[in-house]
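What follows is a set of notes on a single structure, which appears directly below.
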Amino acid sequence: DRLILSPGIEMRFDALPGYDAAAAERFPHAWSAGPQTLLLRQQLAALPDEGTVLMSVPPNPYRCPPGPYERASLIAWFLKTRKPRAKLLVLDAKDAFSKQKLFQAAWKDLYPDTLEWVGQSAGGTVTGVDPDGTVQTDFGAHKADVVNIIPPQRAGRIASVCADRSGWCPVDPVTFESRIVPGIHVIGDAAIMGAMPKSAFAANAQAKVCAAAIAALLANQPPEEPRLINTCYSLVAPGYAVSVAGVYRPVRGMLSDIEGAGGTSALDAPPEVRAQEAAYAEAWYRTITLDAFG
1 DRLILSPGIE MRFDALPGYD AAAAERFPHA WSAGPQTLLL RQQLAALPDE
51 GTVLMSVPPN PYRCPPGPYE RASLIAWFLK TRKPRAKLLV LDAKDAFSKQ
101 KLFQAAWKDL YPDTLEWVGQ SAGGTVTGVD PDGTVQTDFG AHKADVVNII
151 PPQRAGRIAS VCADRSGWCP VDPVTFESRI VPGIHVIGDA AIMGAMPKSA
201 FAANAQAKVC AAAIAALLAN QPPEEPRLIN TCYSLVAPGY AVSVAGVYRP
251 VRGMLSDIEG AGGTSALDAP PEVRAQEAAY AEAWYRTITL DAFG
C-alpha cells in the first residue's frame, strides 16, 4: 500500500567534462564507501613525500555538507604527520560552507603550511578534468599527484521516478510522501528536505517519523506534525572535533530551522572541549550504527 525509498545518492557523471565513471577509477570521488574509499587510501599512501593532493568540492546540495571539509582536515593531518613536505589544495565551488569558521580556525592552527582552501570567488570551481589529472578552473589549471574529485550528485536511480529537474525528490515535510508520485515516500539523502541537511543522523530521524506517519495514514488518522533533530560531528584531527546541531519543523511545505534551537561548537572552546566532542563523535557512531543495524 505504501513504498518507502531511501536510495541515497548517485554521482552525476554528466556534470563535469572529463569526469565519468572510468575517470573515477583514476581520480576517485570516494563519496560512496567501498572500493572508491580504498582506492583513495592507496593513492594517499603512495603519495610522493613532496607530492600534492587536490580535492574538489561541488556546489550544494550533496551528501553530508561538512563532509569534504572533515576529509580535507584528516588528509591534512595524514600529510602533516606522515609526509610533512606534501600539500593539499581544496578547490571549492562555494564561498561559504557548514561550520566554516570552526574549520578554518582549526586549519590555521593545525595545518597552516599543509592545507590551502580556494573558494568560488578565487577560482575554486572545477570546470573539467583532463586524462592526465590536470584539473581545469575558470582561473587556470592545477596538476596534482592525487586527485580526489567529488562531483555533483542526485537522488539514487531507483527514486528517479520521484525526482524533479533538480535530480532530487520533493516530499511532504510531515509524511515524506512524494509530491510527484502518491503512495511513495522518500527519505534520506535522495529527498529535498529544505533546511534539514543530507546526513545519516537526518535519515535515521526521518525514517522514524515516516514510519509513524504511515501508521497513522493506514489507520485513517492525521499524522502528527514532526519535530526533527540533526547533529553532525566532524573530526579535524584525532582527538579534535567540532559539531553543529539543528532542530526543524514543517513551515510552508518545507522543513525549516526552529529559531533559537541548535547551533555550533564554540569558536574559542579549549582543547579539552574539542577532545570531548571527538569522544562524543565516536559514541554517536556506535549508537546510530546499533540503532540502524543492531
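Residues in the sequence shown are numbered from 1 upward in steps of one, following my numbering. Backbone N, C-alpha and C define an ideal beta-carbon position, used for all residues, glycine too.
Buried or exposed for residue i, please, with buried defined as at least 16 other CB atoms from any protein chain shown within 10 angstroms of its CB.
i           : result
residue 3   : exposed
residue 251 : exposed
residue 293 : exposed
residue 56  : buried
residue 115 : buried
residue 285 : exposed
residue 1   : exposed
residue 199 : buried
residue 49  : exposed
residue 267 : exposed
residue 38  : exposed
residue 43  : buried
residue 108 : exposed
residue 274 : buried
residue 113 : exposed
residue 98  : buried
residue 167 : buried
residue 189 : buried
residue 21  : exposed
residue 165 : exposed
residue 41  : exposed
residue 241 : buried
residue 72  : buried
residue 159 : buried
Of all the options the options, which has the alpha carbon lying nearest to the alpha carbon of residue i?
i           : options               : result
residue 290 : 201, 258, 31 and 227  : 201
residue 269 : 243, 294 and 286      : 243
residue 194 : 169, 183, 218 and 213 : 169
residue 236 : 162, 160 and 101      : 101
residue 278 : 233, 110, 146 and 44  : 233
residue 66  : 273, 230 and 249      : 230
residue 11  : 82, 157, 78 and 285   : 157
residue 111 : 14, 283 and 81        : 81
residue 141 : 36, 39, 54 and 275    : 54
residue 105 : 69, 8 and 288         : 69
residue 282 : 249, 273, 263 and 239 : 239
residue 84  : 47, 280, 97 and 14    : 47
residue 135 : 23, 167 and 103       : 23
residue 213 : 184, 264, 258 and 276 : 184
residue 131 : 33, 35, 15 and 25     : 25
residue 8   : 33, 14 and 287        : 33
residue 264 : 36, 29, 103 and 13    : 103
Once you ignore the five residues that flank residue i on each side, which residues in its own chain have a CB closer than 7 Å to its CB?
i           : result
residue 187 : 4, 6, 176, 203, 206, 207 and 210
residue 120 : 92, 93, 94 and 95
residue 74  : 235
residue 179 : 170, 171 and 172
residue 258 : 247, 248 and 249
residue 64  : 198 and 199
So residue i packs on residue j, CB below 8 Å; how close in whole Å?
i           : j           : result
residue 254 : residue 173 : 6 Å
residue 128 : residue 17  : 4 Å
residue 153 : residue 19  : Not confirmed; about 13 Å, so no contact.
residue 226 : residue 217 : Residue 226 to residue 217, Cβ: 14 Å. No contact.
residue 161 : residue 192 : At roughly 15 Å, the Cβ-Cβ gap does not stay under 8 Å, so residue 161 and residue 192 are not in contact.
By Cβ distance, which residues of its chain are closer than 8 Å to residue i, with the 5 residues on each side in sequence left out?
i           : result
residue 303 : Summary: the structure shown does not reach residue 303, with the chain confined to residues 1 through 294, and so no result is reported for it.
residue 118 : 89, 90, 91, 92 and 124
residue 27  : 19, 129, 133, 147, 148 and 149
residue 256 : 194, 195, 248, 249 and 250
residue 181 : 161 and 162
By Cβ distance, which residues of its chain are closer than 6 Å to residue i, with the 5 residues on each side in sequence left out?
i           : result
residue 52  : 87, 144 and 145
residue 31  : 150
residue 77  : 237
residue 261 : 247
residue 163 : 155 and 169
Step through the CB atoms of chain C and report whether any lies within less than 9 Å of the CB of residue i.
i           : result
residue 224 : The structure shown contains no chain C; it holds only a single protein chain.
Consider the C-beta atom of residue i and the heavy atoms of the ligand FAD; say whether any pair is separated by less than 8 Å.
i           : result
residue 294 : As for the ligand FAD, it is missing from this structure, which has no ligand bound.
With a floor of 4 residues, list each alpha helix (DSSP H) that falls wholly inside the segment 19-55, ordered by position along the chain. Fully enclosed alpha helix (DSSP H) runs of 4 or longer: 35-45.
As an exercise, report each continuous alpha helix (DSSP H) stretch of at least 4 residues that is fully enclosed by the segment 47-122, in chain order. For the alpha helix (DSSP H) assignment, the uninterrupted runs of no fewer than 4 residues enclosed by the segment 47-122 are, from N- to C-terminal side, 67-82 and 100-110.
Output the residue ranges of the beta strand (DSSP E) runs that lie fully inside the segment 229-254 and measure 3 residues or longer, sorted by chain position. Taking only runs of at least 3 residues, the beta strand (DSSP E) segments lying wholly in the segment 229-254 are 240-251.
Can you list, in chain order, the stretches of the beta strand (DSSP E) that have 3 or more residues and sit fully within the segment 128-158? You should have 135-137, 140-142, 146-149 and 153-155.
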